[in-house]
Amino acid sequence: MTTLLEVNNLKKHFPIKGGGIIPRKVGAVKAVDGVSFKVRKGETLGLVGESGCGKSTTGRSILNLINPSEGEVLYKGQDISKLKGEKLRKLRQDIQIIFQDPYASLNPRMTVEQIIEEPMKAFNIPKKERAEKVEYFLNKVGLSSYHKHRYPHQFSGGQRQRIGIARALTVNPELIICDEPVSALDVSIQAQVVNLMEDLQKEFDLTYIFIAHDLSVVHHISDRVAVMYLGEIVEVGEVDELYSNPKHPYTQALLSAIPEANPHKKKERIMLEGDLPSPSNPPEGCKFHTRCPFAEEQCRVKHPDLKSVAAGDHQAACHLVKEVVEEPV
Amino acid sequence: MEQEPILSVSNLHTQFHTKSGIVKAVDGVSFDIRPGETLGIVGESGSGKSITAMSIMRLIKDPGKIAKGDIMFKGESLLSKSNREMRAIRGDRISMVFQDPMTSLNPVFTVEKQMVETIRAHRNVSKKQAVDRAVELLDLVGIPSARSRLKSYPHEFSGGMRQRVMIALALSCDPEVLIADEPTTALDVTIQAQILELLQRLQKELGMAIIMITHDLGVVAEVCERVMVMYAGKPVEFAHVHELFDHPKHPYTWGLIGSIPKIVKEKVRLEPIQGLPPDLRALPKGCSFAPRCKHAMDQCLEVDPALLEESDNHHVRCLLYEEKEKVVTS
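Chains A and B, in that order, are what the protein sequence lines are. Quick note on numbering: the first sequence equals residues 1 to 329 in UniProt numbering. Quick note on numbering: the second sequence equals residues 1 to 330 in UniProt numbering.
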């Protein structure tokens with residue numbers, strides 16, 4: 001499979017400004033702090049982590065909705081992180097985004113038809129074609145063409161999310177960044193939208209970056225998963241390998257914390273002490289050492305890099321896990 | 001010997017009178033709960049689970065009112081209490097933890113002020129004693145250096161810590177019933193695990209009854225003993241937690257269980273419930289779930305089924321089972 005997107009050492013530091021007449025920079029929130037990963041054509045990469053770990057900022061930096069501070073984003077080999085103006089606008093035809101909150105991401109004063117055709121207007125698609133496509137994609141996402149004259153408030157959360165998906169699809173994107181697309185929905189509706197996204201991926205040969213905090217949904221939809229903690233990727237691998245054989249202590253704790261819908265199974269739980277440290281003042285060394293039950297001296301001083309820990313491109317950033325070097329075939 | 005129930009709700013109907021019609025938010029809910037027990041109420045948005053809790057606390061405001069039914073707490077009806085008597089019970093004998101700890105704590109007062117106020121509203125103690133009690137409570141819920149943290153404002157705590165403060169506040173007068181309305185929904189999974197463990201430990205130590213309201217079947221499986229599943233204001237299934245997960249009987253419960261992605265090697269396609277929850281102002285005739293039900297028969301659209309005891313302590317509201325009864329008896 002070919003690599004569609006490659007992110008290298010991506011960083012986004014938001015400045016913290018002090019008071020006074022001329023505010024000076026007094027610090028930085030390191031929301032994303034050196035993230036690298038690859039997305040292959042046609043796959044779904046899940047990006048998981050708890051609130052504040054930088055998963056949404058990563059997603060938005062790829063599209064340049066937030067300007068990355070450092071690093072490069074290669075889309076089909078071309079660095080898109082420094083694109084501006086017309087070139088950036090053109091690029092967004094290929095990469096689209098679906099947002100978390102279906103209430104805030106649709107303009108309440110526009111009809112569904114206007115909302116869905118807006119991206120096509122931006123790319124100068126003729127009016128007749130736009131009208132056809134609005135109907136076509138409304139049907140594709142399970143709505144009817146008579147819905148197009150209605151306003152967003154006349155729809156439920158799940159239906160709004162479908163409108164958001166239809167809007168993203170109209171310009172034939174290759175890559176869709178899905179930022180918590182089902183988190184705001186009830187479980188029965190969530191399952192409908194997840195199934196819809198799977199169907200559309202097959203039909204239109206889409207590549208997804210699926211950002212979510214719900215580990216079971218991510219497991220269900222992803223081919224590979226990257227786990228983030230405080231702006232860094234701590235573990236990445238094929239979904240089944242990562243879930244059945246987690247190497248990083250944070251991934252282990254995260255997976256053990258999922259409440260399972262099975263009252264007979266009493267899980268051994270790894271309880272994490274304390275809260276997430278502040279990203280404006282992250283701990284030295286391994287960022288997880290303040291909460292890690294296995295932390296040693298070296299974890300407090302030396303920052304671990306991602307390394308291969310098991311077969312099948314399974315990588316983790318932890319000093320305590322042995323590096324496994326795969327024999328080149 | 002089974003203990004006497006501490007709280008029983010019988011045939012509760014809570015309705016909201018709006019311009020566009022009467023919304024039957026809770027439509028015939030009955031259950032009882034014994035000391036030390038955890039009862040789960042599960043359902044999706046709009047199923048009436050939170051309104052049930054608010055009704056127990058008598059917190060329903062205009063245009064809503066409790067139209068029918070009764071709520072008995074230790075043999076006394078809560079519905080016949082005056083507002084003054086009710087205030088003495090709320091936060092003392094029965095207390096509640098809400099979903100969003102940011103909006104349920106007052107942002108302009110320190111945690112100390114809010115806790116002392118609650119304690120002194122119910123107990124005749126000096127300010128100093130109240131502060132000591134507050135420190136003890138924050139210790140109990142696992143907030144480090146409790147005495148100095150008392151001076152903090154709610155925004156100085158993280159989400160998980162704030163929820164601990166809420167729990168400490170709810171426990172300040174040793175309640176006999178604790179209603180937890182989606183207490184972990186706003187939290188991350190690792191923090192959720194901490195809070196659930198905390199609630200279970202406190203329940204063991206203090207022996208209170210907990211009503212756990214949630215939409216998450218995982219949380220239910222983890223902490224509850226008996227579970228009531230609600231749909232459109234009505235309980236549709238009521239059973240022991242093992243029984244509910246091993247032998248779910250109502251098609252809605254099947255749908256809920258089928259909608260959760262399971263972490264197993266062979267991925268199966270999710271089986272969602274088709275369609276949307278009904279408009280509570282215009283409920284369909286017959287069973288409220290019938291329009292979305294795969295197993296609906298003609299008569300489901302006509303007859304509203306009753307909650308039947310299908311097997312030992314397993315209640316279900318569905319015509320599929322009434323039909324079976326008829327076949328057996330005739």
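For every residue, glycine included, the Cβ atom is placed at its ideal position computed from N, Cα and C. Keep in mind the model is a prediction, meaning the values are calculated, not measured.
Who are the neighbours of A221/B on chain A, taking C-beta pairs under 9 angstroms? Position 221 of the second sequence, counted from the start, is the residue given in the question as residue 221/B. Neighbours of A221/B on chain A, chain order: P259, E260, A261, N262, P263, H264 and K265.
Just to confirm my understanding: we take D139/B, look at its own chain, exclude 5 residues before and 5 after, and list those with CB closer than 7 angstroms. What are they? Locating residue 139/B in the second sequence gives position 139, where the first residue counts as 1. Closer than 7 angstroms at the Cβ level, and outside the excluded window around D139/B, lie A146.
So, are the CB atoms of E273/A and R291/A less than 8 angstroms apart? If you number the first sequence from 1, residue 273/A lands on position 273. If you number the first sequence from 1, residue 291/A lands on position 291. It is a contact, given that the beta carbons lie within the stated cut-off.
What in chain A is Cβ-close to residue 353/B, meaning under 9 angstroms? Given that chain B is displayed from residue 1 to residue 330, the structure contains no residue 353/B and the question cannot be resolved.
Does DSSP put I62/A in a helix, in a strand, or in coil? Position 62 of the first sequence, counted from the first residue, corresponds to residue 62/A. Helix.
Helix, strand or coil for Q200/B, going by three-state DSSP, please let me know. On the second sequence, position 200 is the one that residue 200/B refers to. Q200/B: helix per DSSP, three-state reduction.
Here's the rule I'm using: 16 or more other beta-carbon atoms within 10 Å means buried, otherwise exposed. How should A122/A be labelled? For this step, residue 122/A is matched to residue 122 along the first sequence. Exposed, because fewer than 16 other Cβ atoms sit within 10 Å of the Cβ of A122/A.
Complete alpha helix (DSSP H) runs within the stretch 84-137 of chain A (minimum length 4 residues, chain order): Fully contained in the stretch 84-137 of chain A are the following alpha helix (DSSP H) runs of length 4 or more, in chain order: 85-91 and 112-122.
Measuring alpha carbon to alpha carbon, tell me which of V229/B, S20/B, E205/B and G218/B ends up nearest K265/A. On the first sequence, position 265 is the one that residue 265/A refers to. Among V229/B, S20/B, E205/B and G218/B, the Cα nearest to that of K265/A is on G218/B.
List the DSSP bridge partners of E232/A. What you label residue 232/A is simply residue 232 of the first sequence in a count that begins at 1. Partner residues in the beta bridge of E232/A, as assigned by DSSP, are Y229/A.
Can you tell me where the alpha helix (DSSP H) with M72/B in it begins and where it stops? On the second sequence, residue 72/B is found 72 positions in, with the first residue counted as 1. Looking at the DSSP string, M72/B is not in any alpha helix (DSSP H); the run it does join, the beta strand (DSSP E), is G64 to F73.
Expressed to the nearest angstrom, what Euclidean distance is found between the alpha-carbon atoms of L255/A and V7/A? Within the first sequence, numbered from 1, the residue matching residue 255/A stands at position 255. Within the first sequence, numbered from 1, the residue matching residue 7/A stands at position 7. Rounded to whole angstroms, L255/A to V7/A spans 26 angstroms at the Cα level.
Grab the span of the beta strand (DSSP E) containing Y208/A for me, first residue to last. Taking the first residue of the first sequence as position 1, residue 208/A is located at position 208. T207 to A212 is the span of the beta strand (DSSP E), which, as asked, contains Y208/A.
With a floor of 3 residues, list each beta strand (DSSP E) that falls wholly inside the stretch 2-56 of chain A, ordered by position along the chain. 3-17, 25-40 and 44-48
Just the C-alpha distance for I66/A and E156/B, rounded to the nearest angstrom, thanks. Taking the first sequence and counting its residues from 1, the one referred to as residue 66/A is at position 66. Taking the second sequence and counting its residues from 1, the one referred to as residue 156/B is at position 156. For I66/A and E156/B, the distance between alpha carbons rounds to 28 angstroms.
With a floor of 3 residues, list each beta strand (DSSP E) that falls wholly inside the stretch 130-200 of chain A, ordered by position along the chain. With a minimum length of 3 residues, the continuous beta strand (DSSP E) runs that stay inside the stretch 130-200 of chain A are 175-179.
Less than 8 angstroms between C-beta atoms, sequence neighbours within five positions excluded: which residues of the same chain meet that for Q299/B? For the purposes of this step, residue 299/B is taken as residue 299 along the second sequence, with counting starting at 1. Only G286 and L319 meet the Cβ criterion.
Since K267/B meets chain A, which of its residues come closer than 7 angstroms, beta carbon to beta carbon? Here residue 267/B corresponds to residue number 267 of the second sequence, with the count starting at 1. Within 7 angstroms Cβ-Cβ: H220.
Taking the alpha carbon of R162/A as the reference point, which residue from Q192/A, H149/A, K133/A and Y146/A has its own alpha carbon closest? The sequence position of residue 162/A within the first sequence is 162, counting from 1. Out of Q192/A, H149/A, K133/A and Y146/A, Q192/A has the C-alpha closest to the C-alpha of R162/A.
How many Å lie between I125/A and K140/A at the Cα? Your numbering for residue 125/A matches position 125 in the first sequence. Your numbering for residue 140/A matches position 140 in the first sequence. I125/A and K140/A: Cα-Cα distance of roughly 20 angstroms.
Reference V316/B; option with closest CA among L171/B, E237/B, R123/B and I263/B: The sequence position of residue 316/B within the second sequence is 316, counting from 1. Comparing Cα-Cα distances from V316/B to each of L171/B, E237/B, R123/B and I263/B, the minimum goes to E237/B.
If I116/A and F137/A are in contact, beta carbons under 8 angstroms, what's the gap, nearest whole angstrom? Taking the first residue of the first sequence as 1, we reach residue 116/A at position 116. Taking the first residue of the first sequence as 1, we reach residue 137/A at position 137. Indeed they touch by this definition, with Cβ atoms about 7 angstroms apart.
Where E76/B and P259/A are concerned, what is the direct C-alpha to C-alpha distance, given to the nearest angstrom? Counting from 1 along the second sequence, the entry for residue 76/B is found at position 76. Counting from 1 along the first sequence, the entry for residue 259/A is found at position 259. Rounded to the nearest angstrom, the two C-alpha atoms are 37 angstroms apart.
Using a cut-off of 8 angstroms between C-beta atoms, extract the partners of M161/B located in chain A. On the second sequence, position 161 is the one that residue 161/B refers to. Correct list: D275.
Assigned secondary structure, Y75/A (DSSP; H/G/I helix, E/B strand, else coil): By 1-based counting over the first sequence, the position of residue 75/A is 75. Y75/A: strand per DSSP, three-state reduction.
What three-state label does DSSP hand G218/B in the structure shown? On the second sequence, residue 218/B is found 218 positions in, with the first residue counted as 1. G218/B: helix per DSSP, three-state reduction.
In terms of residues, what are the limits of the alpha helix (DSSP H) holding Y153/B? Here residue 153/B refers to the residue found at position 153 when the second sequence is read from its first residue. First-last for Y153/B: undefined, no H or E at that position.
Buried or exposed: which applies to M1/B, given that a residue is buried once 16 or more other Cβ atoms fall within 10 Å of its Cβ? Locating residue 1/B in the second sequence gives position 1, where the first residue counts as 1. With a pLDDT of only 48 at M1/B, under 50, the local geometry of the prediction cannot be trusted, and no value is derived from it.
Identity of the residues DSSP links to Y231/B by a beta bridge: Counting from 1 along the second sequence, the entry for residue 231/B is found at position 231. According to DSSP, Y231/B bridges with K234/B.
Enumerated in chain order, which unbroken segments of the beta strand (DSSP E) with a length of 3 residues or greater are wholly contained in the stretch 90-173 of chain B? 94-97
In angstroms with no decimal places, state the Cα-to-Cα distance between T2/A and D313/A. One-based indexing of the first sequence puts residue 2/A at position 2. One-based indexing of the first sequence puts residue 313/A at position 313. If you take the alpha carbons of T2/A and D313/A, they lie about 15 angstroms apart.
Could you check where the beta strand (DSSP E) with residue 379/B kicks off and where it finishes? The structure shown does not extend to residue 379/B, since chain B is modelled only from 1 to 330, so the question has no answer here.
Simplified DSSP state of L215/A, which is helix, strand or coil: On the first sequence, residue 215/A is found 215 positions in, with the first residue counted as 1. Correct three-state label for L215/A: helix.
With DSSP run on the structure shown, which of helix, strand or coil describes F288/A? Working through the first sequence from its first residue, we reach residue 288/A at position 288. F288/A falls in the coil class under three-state DSSP.
Considering Cα atoms alone, identify which of A168/A, V73/A, V35/A and S105/A is closest to Y229/A. As a working note, residue 229/A is residue 229 in the first sequence. Out of A168/A, V73/A, V35/A and S105/A, V35/A has the C-alpha closest to the C-alpha of Y229/A.
Starting from D240/A, follow the alpha helix (DSSP H) in both directions and report where the run begins and ends. Counted from its first residue, the first sequence places residue 240/A at position 240. Its alpha helix (DSSP H) spans residues V239 to S244.
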